[in-house]
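Novice:
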Amino acid sequence: MLDTLGRPMRDLRISVTDRCNMRCRYCMPREVFGAGHRFLPRDELLSFEEIARVAAVLAGHGVRKIRLTGGEPLLRRGLENLVAMLASIDGIEDLSLTTNGLLLARRAQALADAGLNRVTVSLDALDPATLHRIADAPVAPERILDGIEAATDAGLGPVKVNMVVRRGVNDGELIVMANRFRHSPQVLRFIEYMDVGSTNGWRREHVVPAAEILARISARWPLEALPPTTPGEVATRYRYADGAGEIGVIHAVTAPFCHGCTRARLSADGRLYTCLFATDGHDLRELLRAGAEDPEIAAALAGVWAGRSDRYSAERSAARPAASPRNARRADPPARPRVEMSYIGG
Ligand code: SAM
Ligand code: SF4
Ligand code: SF4
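Count along the sequence shown starting at 1, add 2, and that's the number in this note's numbering.
#1: Closer than 8 Å by C-beta to E144: which residues in its own chain qualify, once you throw out the five before and the five after it? Chain order, please.
#2: What residues match up with F50 in a beta bridge as DSSP calls it?
#3: Do you know whose CA, among L60, P75, R108 and R78, lies nearest A352's CA?
#4: Considering only heavy atoms of ligand 2, does any lie closer than 7 Å to the CB of R102?
#5: Taking just the CA atoms, how far does L190 sit from R241?
#6: Helix, strand or coil for R331 per DSSP?
#7: Which of the three DSSP states, helix, strand or coil, is assigned to H185?
#8: Return yes when the Cβ of F35 is within less than 8 Å of the Cβ of R25, no when it is not.
#9: For ligand 3, enumerate in chain order all residues having a CB closer than 7 Å to any of its heavy atoms.
#10: Assess contact between the segment 173 to 188 and the segment 125 to 134, defined as three or more Cβ pairs (one per stretch) separated by less than 8 Å. Is contact present?
#11: Would you kindly work out how many angstroms separate the C-alpha atoms of D92 and L106, rounded to a whole number?
#12: Excluding the five sequence neighbours on either side, which residues of its own chain have a C-beta within less than 6 Å of the C-beta of A237, listed in chain order?
#13: From the DSSP output, in three-state form, read off H261 for me.
#14: What I want to know is whether the C-beta of S200 ends up closer than 7 Å to one or more non-hydrogen atoms of ligand 1.
#15: Enumerate in chain order the residues of its own chain whose CB-to-CB distance from G8 is below 6 Å, with the five nearest sequence positions on each side excluded.
#16: My output table needs one value for M30: the three-state DSSP class, helix, strand or coil.
#17: Report the CB separation of H134 from R169 in whole angstroms; it is logged as a contact under 8 Å.
#18: Does the Cβ of G250 lie closer than 7 Å to at least one heavy atom of ligand 1?
#19: Could you tell me which of R239, K67, T281 and R206 sits nearest to L216, measuring between CA atoms?
#20: Whether or not the segment 16 to 24 and the segment 64 to 73 are in contact is what I'm after, with contact meaning three or more pairs of Cβ atoms, one per stretch, closer than 8 Å; do they touch?
#21: Between which two residues does the alpha helix (DSSP H) carrying I146 extend?
#22: Count Cβ pairs between the segment 222 to 234 and the segment 277 to 287 that sit closer than 8 Å; are there 3 or more?
#23: Rounded to whole angstroms, what is the Cα-Cα separation between G62 and A243?
#24: Let me make sure I understand the geometry here. Which of G262, Y275 and T201 has the alpha-carbon closest to that of P230?
#25: So what's D198 in DSSP terms, helix, strand or just coil?
#26: From this set, G103, V123, T132 and L99, which residue's C-alpha is nearest L116's C-alpha?
#27: Go through its chain and collect everything with a Cβ distance to T281's Cβ below 8 Å, but skip five positions before and after it.
#28: Determine the burial state of D13: buried for a count of at least 16 other Cβ atoms within 10 Å of its Cβ, exposed for fewer.
#29: Let me confirm a value: R222 is counted as buried when at least 16 other C-beta atoms fall within 10 Å, else exposed. Which label applies?
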C-alpha cells in the first residue's frame, strides 16, 4: 500500500489519551489547557478493543511498528492490557511507548511483562528550576530518572531520552544532559523544536538547529557519524569518539524527512491522521461503532493512505531555507489550523 509519493505505511502512533500530568509550555500551555479546557469524555475515546482492531487491520496493510503516546499514555488506566492486545497482533515487530516518565518507575516491569519492547522518555532539563519552568509543574527530575532506570532494568532499553531544545530555555543544558547520559545504556536524542499545533507560539528563532547542537557537543566531546539502523529512521545517529556511547539528533525543521515518512497517527478519539501537521483526520470511530466489518475498515484505510500527499515540513523548508542569524527574526507565515500534538500523539 503506497501513497501518492510512493511511501508505504509502516509505523502507527496511537494516542491513548489527550490528558497529561504536565503542562509543557511548548505542547499544552496552561492558558489553553487549563481548568476551562474540555478534554475528551470517556465515551469518545476509542476502547482498547477498538484500538486493537484498527491496529490489526493496519498490520494487514503493512504496519510493523506501533508506538503508544498521548497526552501522557500512562494516565490511561490499564494500559498494560492494551499493550498485551497489541503485542499479540501478527506482523507487529516493535511495540514502544513515549512517556514523560513521571509514572514509569512503578509501571515499567508490568509493561515489559505485557509485551512492550521499548520506551522513550522525554526529559528536557536536569536543573529542577528549568524543568519546572518548561513543564509548568513542580516536576522532580529524579523521578523521571528513576523511571528511566526502572525501564532499563525491566529490559525496555536501550531507553531513548528525548530533549526538545529551545533557545534561551534549555539550550544551556546541552552539555549537562550529554554528560549525564554519556557512559550510560540510554541514548539521548536532541529534538529541534517544531511548529506543531497552533497554541505554543512557536517562532523560528526559538529553534536551535541540529547543526549547532552537534557543533556545541562535539566541541567538548568529538563525535563521529553512524549509519542509520533502519530505513526511514528520523534520528541521525552519532557516537562519541572516546567510546562513551551514542546520541541522536532529530532535525525535523532544518532537514525534514518527509520523503521517507511512513507514519500514520490514530488520535485518542479514533481519527486517522497522515501527517503531524494535518488539519483534519479521517473518522474511524464512526465506522467502527456503525458496525463496519474488517474489510470495510481496511478499504477505508487503504483509500486514505492512497490519497496521501503530505510533506508539510519539506514544504516549510522549501518556502524558507534553514534559519540563519540574518533571517531568524522574520516571522514565519501564519499556518493553517493544525491539530495539537497532545491530541494527535507526538
Ligand atoms: N507525554 C509524553 C511525553 O512527553 O513523552 C508523550 C506525548 S509528547 C506530545 C511526545 C513527544 O513530543 C515528547 O518527547 C515531547 O517533548 C515532544 N514534543 C511536544 N511538542 C513538541 C514540539 N513543539 N516540538 C518538538 N517536540 C515536541
Ligand atoms: Fe504532556 Fe508530553 Fe505534552 Fe509535556 S510533551 S505536555 S508531558 S504530552
Ligand atoms: Fe511526515 Fe508530515 Fe512530518 Fe513530513 S511533516 S515527516 S509528512 S509527519
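Glycine included, each C-beta is placed from N, C-alpha and C at the ideal position.
Specialist: In short:
#1: none
#2: DSSP lists no partner for F50.
#3: A query on residue 352 cannot be resolved here, the shown segment of the chain reaching from 3 to 348 and no further.
#4: Position check: residue 102 holds Asn in this sequence, whereas Arg was assumed. Indeed, a heavy atom of ligand 2 lies less than 7 Å from the Cβ.
#5: 11 Å
#6: Since pLDDT at R331 reaches only 41, below the 50 mark, its modelled position is unreliable, and no value is offered.
#7: coil
#8: yes
#9: A254, P258, F259, C260, C263, R265, C277, L278, F279, D312, R313, Y314, S315 and A316
#10: yes
#11: 27 Å
#12: R191, G250 and I252
#13: helix
#14: no
#15: none
#16: coil
#17: Actually they do not touch by this definition, with Cβ atoms about 19 Å apart.
#18: no
#19: R239
#20: yes
#21: P143 to D155
#22: no
#23: 42 Å
#24: G262
#25: Here residue 198 turns out to be Val, not Asp, going by the sequence shown. It is coil, neither helix nor strand.
#26: Note on residue identity: the sequence assigns Ala, not Leu, to residue 116. Per the Cα distances, L99.
#27: R338, P339, R340 and V341
#28: buried
#29: exposed
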